[in-house]
Each structure stands twice: as structure tokens, then as C-alpha cells.
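In what follows, a single structure is set out as C-alpha cells and then discussed.
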Amino acid sequence: MDDESDEESTGEDVDGIDPAIWEETADEILDSGPYDAELGKRMSRDAVRVTLGHLSEEEFYEKYHDDVIAEFGIDERPIEEDDTHE
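Residue numbers (UniProt numbering): 1 to 86.
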């Protein structure tokens, strides 16, 4: 994964969300779990970008597929696409 795009996705301000409040809330939620909190924050920020139309679902899926496999051992996120991601 491209480190520059990671920094962009976690560093940019998302419309209508105060970055400081978002960061604090995300830390509170994700730090208590057993999974990679930084991955969760990157994915959640990009999920907002998907809802705003700044990133397609396909781009989101492709961007995080390898990380999801590495973290969870499987990627069962629903996406309307062929079976090349098994």
C-alpha cells in the first residue's frame, strides 16, 4: 500500500467532521479492541469519503483488500465484482 495515500486519507479533513473530535472518538472506540486501530481509522475515514462520493466502493475495496486479509485472514466485505478477490 502507498504510504503517501495513507497519510492523505488519514490527514485530510472530512466534510462536517471536526478532525480532533473524530480522532479522539476513533481512538476511544478502536483502542479497546484487539485489531489494528490505525487500519480501522484509515478505513473509517475513507468510508466517509465513499459516502461523499470522493472515493468509489471499488477503489475502497481494492485499497484495503490486502490489509483486511492480513488483519483478519479473510475478506468477506460485500462487493459486486467477479470472484478474483478470494
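For each residue, glycine too, the CB sits at the ideal point set by N, CA and C.
Identity of the residue in the options nearest residue i by Cα
i, options, result
"I79", "E62, E38, G16", "E62"
"H65", "I17, G40, H54, T51", "G40"
"F60", "F72, I74, R45", "R45"
Coil, strand or helix - residue i by DSSP
i, result
"E58", "helix"
"S44", "helix"
"E38", "helix"
"I69", "helix"
"R49", "helix"
Element boundaries [alpha helix (DSSP H), containing residue i]
i, result
"I21", "19 to 30"
Residue i versus residue j - alpha carbon distance
i, j, result
"G53", "A47", "10 Å"
"G16", "F72", "31 Å"
"T51", "V68", "20 Å"
Cut-off 6 Å between Cβ atoms - residues of its own chain near residue i, not counting five sequence neighbours on either side
i, result
"E8", "Only weak support is given to the placement of E8: the predicted model assigns it a pLDDT of 45, under 50, and the value that follows is read from those uncertain coordinates. Around E8: no qualifying Cβ."
"A37", "L30, D31"
"R49", "L55"
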